[in-house]
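First the structure, in the form of structure tokens, and then the observations on it.
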Amino acid sequence: MKISIIVPTYNNFNFLKFFISSIKNNSYYDHEIIVHINDGTDGTLDFIKKNKILYTYSKDNIGLCDAVNKASLMSSTNFILYSHDDMYFCKNWDLYLENEIKRYKNNFYYISGTNVSNKDGIINYDCGTSPENFNINKFNAFCENDTSNDLQGSHWAPHLIHKDIWTKVGGFSSEFNPGDGSDPDLCMKLWKENIRVFKCLSKFKVYHFGSVTTRKSKIIKNDGTKTFLLKWGFNPRFFRKYYLKGDGKIEYNGPVDNHKVSFNMIVDLLINKLKFLYYKIL
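Start counting the sequence shown at -9; every next residue gets the next number (my numbering).
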């Protein structure tokens, strides 16, 4: 099984090198890494060229959505896996994905990894805050011994979908650049294509150092919640609760069905519609 691993980066050289080392050292198969380099004047561009890694390039930061879409055009495999550049993948992560994918008779699935971090992760477990102080042995032991359940309805990176599905929905939506809200929007587009398997795989763990790139002061963050609401008629929280049936905390219990109308859902939808009208009037 060969996967196209798409990773956008913006002058995050040390973290990107560490990410690539985890792919090289912890994968069972030889995968296709495709990096989109925004700027890259910190040494990223020279490093990628020297190591003969596939890449696309833009002189300026074009945003996560356009960067991932551009890099994905170079993919030569059947699978698109999007990742942040400040993640470290666990041992045999690809075998866990392969075993999961073999369970399905078609390509209608969205499989994400379990995000481990010192804070704000699906699992909070402190193994360090940077490549320099990361405790690899501690992380490896945790991955080997952890018995957490697979989770329902996640839209966290890294996530994998079949290339045919990725192409059909057009990848990420450019209106969410530089990135906030792009993941739930992708999931909503998948929902529209009748995909109902949204699963966070416990054994496929990544250590996330915490969106290092998006915290940089140079990046002006978009209002992804507002954009999502104006596009779909409700906000990402509503989508996670009533469509995906989870927020990264609920045990996986199979494909999600079509949402059933409830009193709480009607109330939440009315609140969303009022916000929608408020934004429209403004």
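All C-beta atoms, glycine included, are put in the ideal place defined by N, C-alpha and C.
No experiment lies behind these values; they were computed from the predicted model shown.
| request: Spell out a yes or no on whether the segment 211 to 220 and the segment 156 to 174 are touching, meaning 3 or more CB-CB pairs, one atom from each, closer than 8 Å. | output: Yes: the two stretches touch, three or more of their Cβ pairs being nearer than 8 Å.
| task | Quick one: measure Cβ to Cβ for Ser138 and Ser192, integer angstroms, because I've assumed they're closer than 8 Å. | result | Right, the Cβ-Cβ distance comes to about 5 Å (below 8 Å), so this counts as a contact.
| field | Own chain partners of Thr46 with C-beta closer than 6 Å, once the 5 adjacent residues on each side are dropped | value | Within the same chain, and ignoring the five residues on either side of Thr46 in sequence, the residues whose Cβ sits closer than 6 Å to its Cβ are His26, Lys60 and Ala61.
| query | Considering only the beta carbon of each residue, do Ser12 and Tyr86 sit closer than 7 Å? | reply | No, Cβ-Cβ distance for Ser12 and Tyr86 is not below 7 Å.
| said: I need the boundaries of the beta strand (DSSP E) containing Tyr86, first residue and last residue. | reply: Careful: Tyr86 lies outside any beta strand (DSSP E), inside the alpha helix (DSSP H) at Trp83 to Ile91.
| task | Check the DSSP bridge columns for Ile70 and list the partner residues they point to. | result | Looking at the DSSP assignment, Ile70 forms a beta bridge with Ser(-6) and Ile151.
| CB Ala147 to CB Tyr72, shorter than 7 Å? | Yes, these two residues count as a Cβ contact at 7 Å.
| request: Let me know the secondary structure DSSP gives Cys177 once reduced to three states. | output: The answer is helix: DSSP assigns Cys177 an H, G or I state.
| Run through DSSP, which three-state label would Gly236 get? | It is coil, neither helix nor strand.
| field | Any alpha helix (DSSP H) of 4 or more consecutive residues that is wholly inside the segment 119 to 168 | value | Runs of the alpha helix (DSSP H) spanning 4 or more residues and lying entirely within the segment 119 to 168 occur at 126 to 135 and 153 to 159, in chain order.
| task | Taking the CB atoms as reference points, tell me whether Gly223 and Gly143 lie closer together than 7 Å. | result | Taking C-beta atoms as the reference points, Gly223 and Gly143 fail to come closer than 7 Å.
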